[in-house]
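Step one of this worksheet: look at the structure below.
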Amino acid sequence: MYQYDVIDREFLTDRSNEFRHQVARRLAGELTEDQFKPLRLMNGLYLQLHAYMLRVAIPYGSLNARQARRLAWIARTYDKGYGHMTTRQNIQFNWVKLKDTPDILDALAEVDLHAIQTSGNCIRNVTADPYAGATAEEIDDPRVWSEVLRQWSTLHPEFSFLPRKFKIAITGALSDRAAVKVHDIGLILRHGREGQIGFEVIVGGGQGRTPYVGPTIKPFLPAERLLSYVEAVLRVYNRHGRRDNIYKARIKILVAALGAEEFGRQVDEEWGKISAERADLPAAELARVRAAFAQTKFETLPARSESFEAARALSPALQRFARNNVKPHKQSGYAIVEVSLKAIGQTPGDATADQLEVAADLAERYSLDDLRVTHAQNLVLPHVRLDDLPVVHAMLEKHGLATANIDLASDIIACPGLDYCALANARAIPIAQDIARKFADPDRAEKIGELKIKISGCINACGHHHVAHIGILGVDKKGEEFYQLSLGGSGAEDASIGKILGPGLSADKVAPAIESLVEAYLAIRTGEERFLDTYRRVGLEPFKEAVYAQAD
Amino acid sequence: MKVLTANRLIDGDVVFWKAGRWVEGFGEAELFDEAHEADAEAAVAKGKTQATTVIDAYLIDVAQVEGGLAPVSYRERIRALGPTNEPTHGKQAVGGEVIEALRHAHGAARSTGRVDLIRRK
Chain A
996 MYQYDVIDRE FLTDRSNEFR HQVARRLAGE LTEDQFKPLR LMNGLYLQLH AYMLRVAIPY
1056 GSLNARQARR LAWIARTYDK GYGHMTTRQN IQFNWVKLKD TPDILDALAE VDLHAIQTSG
1116 NCIRNVTADP YAGATAEEID DPRVWSEVLR QWSTLHPEFS FLPRKFKIAI TGALSDRAAV
1176 KVHDIGLILR HGREGQIGFE VIVGGGQGRT PYVGPTIKPF LPAERLLSYV EAVLRVYNRH
1236 GRRDNIYKAR IKILVAALGA EEFGRQVDEE WGKISAERAD LPAAELARVR AAFAQTKFET
1296 LPARSESFEA ARALSPALQR FARNNVKPHK QSGYAIVEVS LKAIGQTPGD ATADQLEVAA
1356 DLAERYSLDD LRVTHAQNLV LPHVRLDDLP VVHAMLEKHG LATANIDLAS DIIACPGLDY
1416 CALANARAIP IAQDIARKFA DPDRAEKIGE LKIKISGCIN ACGHHHVAHI GILGVDKKGE
1476 EFYQLSLGGS GAEDASIGKI LGPGLSADKV APAIESLVEA YLAIRTGEER FLDTYRRVGL
1536 EPFKEAVYAQ AD
Chain B
8 MKVLTANRLI DGDVVFWKAG RWVEGFGEAE LFDEAHEADA EAAVAKGKTQ ATTVIDAYLI
68 DVAQVEGGLA PVSYRERIRA LGPTNEPTHG KQAVGGEVIE ALRHAHGAAR STGRVDLIRR
128 K
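So the sequences go chain by chain: A and B.
Residue numbers for the first sequence follow the numbering used here, beginning at 996 and rising by one.
Residue numbers for the second sequence follow the numbering used here, beginning at 8 and rising by one.
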């Protein structure tokens, strides 16, 4: 993990002090709310329905145990004992007081965490594959490049007031667990013809009001040219992005208007004017950042753990957990363990302070002091020895963290929705809870297989409904909560935008409708088809009939 | 009928206007009926001058429901109660008749708070 140096630490302390003064001036009436609001937003502090919400950046979703414990302490001290993991690998605290925020920022700074650029029209927290450094599929470690971009973009003077917010995601693996094709910039690490490392650069993907799967504007960018090229992309956007209309201000609108080819041409032209020597990262600095991620030495272990095999032969629960939550590791004798924050009936993505501490303890003892947050609102212990799986599973089970449902129907992404969010039109959490209860039977959930259900409480699409196998969008229909279903989206390497199924449904009709969709799928699937595959084969019609014929 | 609401600056808590001061419970809020619209507007004007106390003061519609009064909009009912996924968090934790009436209220309308928020963007 990247270690902050003296400069990083001084910077955070200064920033926290600055915010403390700003809060004091606001409370004393020296700053109006209009003057103060952009300042608090730059520090991740939103005003929501019931309280302030503080969004803390978790760079590329990566935490050590000390940081996770500090987040638990903040949840307990300044919140109501829990935090909410977001679809951008951040954590949000829902019950923060303005007067406490400077103290919270100090507490975060002590463990090298902050809330800078978690809001505002700037480059937001860079997200990455949560299996980084652990998966065998990886061409290079995306955390190295995420950290380079993080340092480069933090308080970047030219890119602090963009037309709109700007989100970058990186994957080093071909399986996309970072939704790179629906980001402002998506980067996929690739090998060049001579084996050199580079990026496929995707620009102008996004969700929200106008969803797009982003086009590739550069099939292969030599890795060492990353910063100058991203600078060129942002310059073209900064110059031509629509500042006159908030709904058309994201880069995706510009890319769609110009066409990917013309946009790419303009970027290349701009890129040609940028001095590589000034803009690109010196090799020595890259080596310094890379060294920070040099893996703690793995032990040399056999590929098969007799103790794990013996334990799982005796425990159907461990067996099920291994089937659904344990993923192959690049190192023999190790595994990646997904920790579900989607227990049946739980608020998706919420972790209590106690659970965060358990995760921290497990990360420290059994996962090389490494804990990840996924964009699907779960946690990951990336480096667990197979020998340790039984004890890790037992600990997780004891604390309600062993739900074996990763990527199954009850592993639902949901934004905070109208239960917390000032922008929401409808609630998302209770809908997710209703649906999860329908698929509580683990045998049935496994029989249904991979099914990604995602719910957003408004068109801003924080709940990623556009890229869900079954997407649910909460709308305000004459003042009532209504839900629009869409099918066939994907945020993975086979990215696609879902299609609307039909008229919206009232809240109590949503979970039964999902049930009908699943029944229809089970009746017509062939072989090993996932729900998404079946939909892609047969289209909307059979599903439309299943939901609406019954409703009449 | 209308009630004046806002969020308190120092902690973000939902507050309601009651005869020149801000109170935390919906049940304590001052009611402005149609005959006293001018009083409601005067309260809004006064509320907006208290910039070091509250943010975003606005009027909401309330109506008689079974067991008491409740905001017409479900957004405002959630503000008056707390999140529905955590029944012990927020104002609803105190329980009682006012909370029960809010919980069981039906009917919905757009919240002026959200409309203002969109307009301001």
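C-beta: ideal position from N, C-alpha, C; glycine also.
Own chain, CB closer than 7 Å to residue i, minus 5 neighbours either side, in chain order
i	result
Y1543 (chain A)	G1497
A1298 (chain A)	S1327, G1328
Y1516 (chain A)	F1526, T1529
A1104 (chain A)	L1007, T1008, S1011
Min CB distance residue i to chain A below 8 Å
i	result
I67 (chain B)	no
G27 (chain B)	no
G75 (chain B)	no
Length of the line joining the Cα atoms of residue i and residue j
i	j	result
K128 (chain B)	A77 (chain B)	Per-residue confidence for K128 (chain B) stands at a pLDDT of 44, beneath the threshold of 50, marking its modelled position as unreliable; the derived number appears in the next sentence. Going by the C-alpha atoms only, they are around 28 Å apart.
P7 (chain B)	V30 (chain B)	This structure cannot settle anything about residue 7 (chain B), because the visible part of chain B is limited to 8 through 128.
P1097 (chain A)	D1136 (chain A)	34 Å
G1344 (chain A)	G1486 (chain A)	18 Å
V1071 (chain A)	A1348 (chain A)	Here residue 1071 (chain A) is Arg; the residue named in the question, Val, does not match the sequence. Approximately 6 Å between the Cα atoms of the pair.
Q71 (chain B)	A112 (chain B)	9 Å
H1151 (chain A)	Y1041 (chain A)	22 Å
A26 (chain B)	T95 (chain B)	29 Å
G1534 (chain A)	K1494 (chain A)	10 Å
H43 (chain B)	A50 (chain B)	11 Å
T1291 (chain A)	Y1055 (chain A)	19 Å
F23 (chain B)	G1199 (chain A)	44 Å
E1294 (chain A)	R1380 (chain A)	9 Å
Residues sharing a beta bridge with residue i, DSSP
i	result
D68 (chain B)	B:K9
S1335 (chain A)	S1335 (chain A) is not bridged to any residue.
D936 (chain A)	In the structure as shown, chain A starts at 996 and stops at 1547, and residue 936 (chain A) therefore has no counterpart that could be examined.
N1012 (chain A)	In DSSP, N1012 (chain A) forms no bridge with anything.
W24 (chain B)	B:W29
G1201 (chain A)	A:Y1207
P1158 (chain A)	P1158 (chain A) is not bridged to any residue.
Y1329 (chain A)	A:R1380
H113 (chain B)	H113 (chain B) is not bridged to any residue.
E1475 (chain A)	A:K1472
R1185 (chain A)	A:G1193
A1052 (chain A)	A:H1109
I1241 (chain A)	Paired residues: none, contrary to the question.
Close-in-space but distant-in-sequence residues of the same chain around residue i (CB under 6 Å, 5 per side omitted)
i	result
L1413 (chain A)	A1419, A1421, R1422, G1452
A1502 (chain A)	E1476
P1206 (chain A)	H1461, I1492
W1090 (chain A)	A1046, D1074, K1075
A1456 (chain A)	Q1202, G1203
R1004 (chain A)	none
A1107 (chain A)	Strictly speaking, residue 1107 (chain A) in this sequence is Asp, with Ala absent from that position. Excluding positions up to five away in sequence, the list reads Y999.
Amino acids of chain B, ordered along the chain, whose beta-carbon sits closer than 8 Å to that of residue i
i	result
Y1415 (chain A)	P90
K1447 (chain A)	Going along chain B, no residue has its Cβ under 8 Å from K1447 (chain A), so there is no contact; the nearest lies around 21 Å.
K1075 (chain A)	E93, H96
Chain-ordered neighbours of residue i on chain B, where CB pairs are closer than 7 Å
i	result
Y1580 (chain A)	One cannot answer for residue 1580 (chain A) here, as it falls past the ends of chain A, which runs 996 to 1547.
R1422 (chain A)	T91
L1042 (chain A)	N14, G19, I62
P1425 (chain A)	T91, N92
Interface flag, residue i vs chain B, CB-CB below 8 Å
i	result
T1082 (chain A)	no
A1546 (chain A)	At A1546 (chain A) the pLDDT is 49, less than 50, meaning the model places this residue with poor confidence and gives no usable figure here.
D1322 (chain A)	Sequence inspection shows Lys at residue 1322 (chain A); the Asp mentioned does not correspond to that position. Output row for K1322 (chain A): interface = no.
L1384 (chain A)	no
P1217 (chain A)	no
L1093 (chain A)	yes
T1342 (chain A)	yes
K1337 (chain A)	no
K1633 (chain A)	Only positions 996 to 1547 of chain A appear in the structure, and residue 1633 (chain A) is not among them; the question remains open.
K1243 (chain A)	no
K1494 (chain A)	no
F1161 (chain A)	no
Partner residues on chain A for residue i, Cβ-Cβ distance less than 7 Å
i	result
A58 (chain B)	G1024, T1027, E1028
Beta-carbon neighbours of residue i, restricted to chain A and to distances below 8 Å
i	result
G32 (chain B)	The contacting residues do not exist; G32 (chain B) stays about 14 Å from chain A at best.
G97 (chain B)	H1045
Under 7 Å by beta carbon: chain E residues contacting residue i
i	result
I85 (chain B)	This model lacks chain E altogether, as its protein chains are A and B.
Spatial neighbours of residue i in its chain, beta-carbon cut-off 8 Å, leaving aside the 5 residues before and after
i	result
K53 (chain B)	G27
A1354 (chain A)	A1063, V1334, A1346, L1366, L1374, L1376, L1396
N1233 (chain A)	E1153, F1154, L1157, P1158
Beta-carbon neighbours of residue i, restricted to chain B and to distances below 9 Å
i	result
T1398 (chain A)	Going along chain B, no residue has its Cβ under 9 Å from T1398 (chain A), so there is no contact; the nearest lies around 17 Å.
P1498 (chain A)	Under the 9 Å cutoff, chain B gives no residues; its nearest Cβ is about 18 Å from P1498 (chain A).
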